[in-house]
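J.: Pasting a structure here, questions to come.
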Amino acid sequence: MPCSSLAEKKAAGANTLAARLARLGLHTDADFILHLPLRYEDETRITALRDARPGVAAQFEVEVIDSEIAYRPRRQLLARVADASGTLLLRFLNFYPSQQKALQIGARLRIFGELHEGYLGPEIIHPRFHVIGANESLPERLTPVYPTTAGLGQASLRRLISRALERADLSDTLPSEQRTRLHLPEFAAAIQRLHTPPPEMTQAVLESRDHPAWRRVQFDELLAQQLSLRRAYSARRARGAPPLVASATLTAALLASLPFRLTKAQQRAWSEIASDLAQPHPMQRLLQGDVGSGKTVVAALAMLQAVEAGYQTALMAPTEILAEQHYRKLAAWLEPLGLEVAWLTGSLKKREKEAVIAKVGAGETAIMVGTHALIEDKVEFARLGLAIIDEQHRFGVRQRLALKEKGQFAHQLAMSATPIPRTLAMSYYADLDVSTLDELPPGRSPVTTKLVSEARRDQIVARVHEACRGGGQAYWVCPLIEESETLQLKTAVETFERLTADLPDLRIGLVHGRLKTAEKAAVMAAFVANEIHLLVATTVIEVGVDVPNASLMVIEHAERFGLAQLHQLRGRVGRGTAQSVCILLYAQPLGELARARLKVIFESSDGFEIAREDLRLRGPGEFVGSRQSGLPLLRYADLEDTALVEQARAVAEDLLHNAPQAAAAHLQRWLGGREELLKA
Ligand code: ADP
Ligand code: MG
């Protein structure tokens with residue numbers, strides 16, 4: 000019983016007005032006034048029926064000349080109406096008795112809608128209408144149409160918004176000298192104008208969003224975003240963290256033992272990180288660099304600085320394959336320096352796991368590598384000084400937060416091969432410091448990309464054969480089946496079987512997400528050792544995998560992959576000195592978006608360029624994965640509006656220093672209590 004009544008209450012709650020408003024994010028007066036129209040309808044004028052054009056919404060003033068309920072082809076209410084210039088049929092497929100009553104012969108109506116040519120002449124299906132008396136005046140302003148949700152009509156929403164407009168504080172949060180300098184209208188004027196535009200403003204101008212009133216709103220939204228991020232940044236600077244002062248013993252030893260010299264870009268990034276780590280407040284830095292730019296060694300140096308200073312450090316990777324690879328690489332680099340590297344993933348045996356966790360807890364292990372098993376509750380570091388997240392964009396926001404909690408007073412380094420376009424870096428990531436590796440290690444030859452139709456698969460198989468017989472190694476990436484993991488697995492196994500049958504004299508391996516860790520590791524190790532010629536793989540090899548002898552990659556059904564994914568996959572080859580080739584097999588017919596993606600990946604190998612195109616093709620919301628990151632999307636402003644983003648950034652800086660109260664009022668207006676979201 001109590002159960003069902005609770006369920007009932009919940010069901011009822013979901014349907015209250017408050018619940019509907021909450022769905023639209025409408026809580027405070029400020030929320031209502033910032034809930035701006037999608038478009039407008041012009042009810043300030045009456046159009047004669049004779050002048051109505053199909054497909055163009057207009058308002059008519061008419062008299063009902065006939066009204067009946069018809070039963071064919073189904074029950075419906077039909078009303079014939081007329082003005083001095085012509086007649087029109089109104090058709091209601093669903094209707095209330097009250098509507099039928101309102102449409103009695105002789106009633107005068109104002110109706111609004113788009114007419115089309117029906118079987119019985121011009122008609123409108125379900126027009127909006129209301130009965131009018133004699134000499135009823137026309138509204139003086141355009142009628143706003145707001146984004147809404149099921150069960151909440153435009154009329155109620157309009158009423159609520161107009162009440163909020165009367166009540167709310169519309170005073171300007173932007174000092175007038177800034178406003179004048181930026182040629183922006185006052186906030187109150189802009190907001191009033193957008194909610195209740197005077198008729199001389201044409202709909203086209205308003206809806207194009209170039210109007211100064213819209214510019215003001217867009218600017219304000221970006222300003223709120225910038226303020227919030229700047230505040231988060233200062234809050235972080237105000238927290239304490241252990242200064243990890245370099246003694247350059249271990250780092251120097253690693254540098255001396257490497258078979259290569261750091262690139263200029265690596266040196267620069269490393270010195271930025273080294274000086275951050277020595278500060279008494281937590282570093283929060285993003286190391287971004289294209290695939291193969293050599294982020295791992297920079298991470299290793301940072302880890303050593305933490306160890307030198309007497310602290311622990313952890314490196315977390317999004318997949319087991321990658322974590323394992325990092326483990327091997329770090330062990331190979333660091334064990335000769337007398338350091339032990341511990342390893343933790345979800346698939347370790349319970350006893351092994353407990354042993355590692357105990358050592359970490361006791362502070363006996365300084366260096367730890369693993370998957371998200373690292374952030375499980377049970378793992379407690381004795382003295383965590385630096386946490387590093389590789390391929391950070393692959394982690395969900397919850398995992399990132401968990402690591403943050405774990406190393407609450409620790410320095411953080413995130414690494415990503417998906418470079419963030421400038422505008423995004425200035426906005427969504429504005430509370431991070433960024434180091435960029437804009438240079439690849441020397442001696443890499445660029446990867447040649449070929450687009451080949453699926454119809455020529457046989458030729459490609461022959462080419463793989465030839466390359467492997469000649470001592471090379473290759474990847475064959477299976478078609479992506481996003482909808483179903485089971486189907487993905489089936490496809491991978493089929494691809495493997497088909498290639499094994501086609502190429503009986505090659506040693507072929509298969510790696511996919513469902514393999515046990517040990518199995519995955521064994522296949523990867525065999526591939527690294529050149530015991531496998533051809534590795535058939537799903538996107539588990541997408542990030543980080545580094546096998547320099549592999550110089551050929553085939554991606555089947557390349558049209559199904561996203562741009563970032565293709566770029567990452569292609570980055571698996573071109574890591575050695577051999578001329579590398581990436582063949583993108585595609586199936587016809589290609590959709591417009593798929594065609595655009597393939598064109599970009601074919602023409603460019605520059606991760607920044609590709610990220611920029613990705614942003615353009617997908618829009619910024621998708622790009623930052625707003626849904627999973629919990630970041631509120633910009634509703635009105637466009638991140639590609641670089642000039643405006645930059646202005647907002649400068650004004651944010653200025654307000655925080657010179658007008659902190661204005662900054663606080665602005666944040667309150669735009670984000671209310673929701674600022675937390677921005678910090679995740
Ligand atoms: P990513 O930035 O994609 O993570 P990695 O750190 O895996 O790149 O580095 C790619 C490869 O380049 C590795 O084999 C690494 O050892 C090698 N490498 C890194 N830095 C240099 C350098 N300065 N000179 C030559 N090779 C380098
Ligand atoms: Mg990497």
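If you're matching positions, the sequence shown starts at 0 in numbering that gives the first Met the number 0 and goes up one per residue. Backbone N, C-alpha and C fix where the C-beta goes; we use that ideal spot for every residue, glycine too.
1. Terminal residues of the continuous alpha helix (DSSP H) containing residue 414?
2. At what residues does the alpha helix (DSSP H) containing residue 99 begin and finish?
3. Put residue 561 into one of helix, strand or coil per three-state DSSP.
4. Would you decide whether residue 596 is buried or exposed? Buried here means 16 or more other CB atoms lie within 10 Å of its CB.
5. DSSP state of residue 39, grouped into three classes?
6. Consider the C-beta atom of residue 440 and the heavy atoms of the ligand ADP; say whether any pair is separated by less than 8 angstroms.
7. Helix, strand or coil for residue 471, going by three-state DSSP, please let me know.
8. Should the region 49 to 68 be called in touch with the region 174 to 186, which here means at least 3 C-beta pairs below 8 angstroms?
9. Tell me whether residue 341 is buried or exposed, calling it buried when 16 or more other Cβ atoms sit within 10 Å of its Cβ.
10. Counting pairs of beta carbons, one from the region 537 to 555 and one from the region 309 to 322, are three or more of them closer than 8 angstroms?
11. Under the assumption that residue 387 contacts residue 414 (Cβ atoms under 8 angstroms), give the Cβ distance between them as a whole number of angstroms.
12. Relative to the C-alpha of residue 390, which candidate in 107, 286, 17, 659 has its C-alpha closest?
13. How close, in whole Å, do the beta carbons of residue 463 and residue 533 come, if the pair is a contact with beta carbons under 8 angstroms?
14. To the nearest angstrom, report how far apart residue 666 and residue 27 are at their CA atoms.
15. Kindly provide the ranges of any beta strand (DSSP E) runs that are 3 or more residues long and lie completely inside the region 534 to 614, ordered along the chain.
16. Could you give the C-beta distance for residue 555 and residue 478, rounded to a whole number, given that I count them as a contact under 8 angstroms?
17. Quick check on residue 218: does DSSP put it in helix, strand or coil?
18. Tell me which same chain residues have a C-beta within less than 6 angstroms of the C-beta of residue 454, skipping the five on either side of it?
19. What's the gap between the Cα of residue 636 and the Cα of residue 338?
20. What I want to know is whether the C-beta of residue 315 ends up closer than 8 angstroms to one or more non-hydrogen atoms of the ligand ADP.
21. Out of 229, 71, 162, which has the shortest C-alpha to C-alpha gap to residue 29?
22. Would you be able to state if there are at least three C-beta pairs under 8 angstroms between the region 648 to 668 and the region 221 to 234?
23. I'd like to check one pair, residue 573 with residue 603: are the Cβ atoms closer than 9 angstroms?
24. Locate the beta strand (DSSP E) running through residue 519, then write down its first and last residues.
25. For the beta strand (DSSP E) that residue 434 lies in, which residues bound it at each end?
26. Should the region 257 to 266 be called in touch with the region 292 to 300, which here means at least 3 C-beta pairs below 8 angstroms?
27. Closer than 8 angstroms by C-beta to residue 68: which residues in its own chain qualify, once you throw out the five before and the five after it? Chain order, please.
28. At a cut-off of 8 angstroms, would you count residue 390 as near the ligand MG, judging by its Cβ distance to the nearest heavy atom?
29. Between the Cα of residue 208 and those of 634, 529, 128, 154, spot the shortest distance and give me the residue it belongs to.
30. Per DSSP, which one or two residues make a beta bridge with residue 60?
31. Quick one: grab the DSSP three-state call for residue 626.
32. Out of curiosity, what's the CA-to-CA distance linking residue 199 and residue 164?
33. Run the proximity test for residue 416: is its beta-carbon closer than 8 angstroms to any non-hydrogen atom belonging to the ligand MG?
34. Can you give me the Cβ contacts of residue 444 inside the same chain, cut-off strictly under 8 angstroms, excluding the 5 residues immediately before and after it?
35. Can you give me the C-alpha to C-alpha distance between residue 489 and residue 308, rounded to a whole angstrom?
36. Any heavy atom of the ligand ADP inside 8 angstroms of the beta-carbon of residue 55?
T.: From the atom records:
1. Not the alpha helix (DSSP H): residue 414 falls in the beta strand (DSSP E), residues 410 to 415.
2. 96 to 101
3. coil
4. buried
5. strand
6. In this structure, the ligand ADP has a non-hydrogen atom nearer than 8 angstroms to the beta-carbon of residue 440.
7. coil
8. no
9. The residue is buried, with at least 16 neighbouring Cβ atoms inside 10 Å.
10. yes
11. Taking the Cβ atoms as the reference, residue 387 lies roughly 7 angstroms from residue 414, within the contact range of under 8 angstroms.
12. 286
13. 6 angstroms
14. 13 angstroms
15. 549 to 554, 580 to 585
16. 5 angstroms
17. helix
18. none
19. 51 angstroms
20. no
21. 162
22. yes
23. Taking 9 angstroms as the cut-off, the Cβ atoms of residue 603 and residue 573 do not count as close.
24. No beta strand (DSSP E) holds residue 519; the alpha helix (DSSP H) holding it covers 516 to 527.
25. Start and end: 432 to 436.
26. yes
27. For residue 68, where only same-chain residues beyond five positions count, the Cβ hits under 8 angstroms are 74, 75, 76, 77, 99.
28. Distances from the CB of residue 390 to the heavy atoms of the ligand MG include at least one below 8 angstroms.
29. Residue 208 has its Cα closest to that of 634, out of 634, 529, 128, 154.
30. 109
31. With a pLDDT of only 36 at residue 626, under the threshold of 50, the placement of this residue in the model should not be trusted; the figure read from the coordinates follows. Residue 626: helix per DSSP, three-state reduction.
32. 21 angstroms
33. yes
34. 573, 576, 577, 578, 579
35. 50 angstroms
36. no
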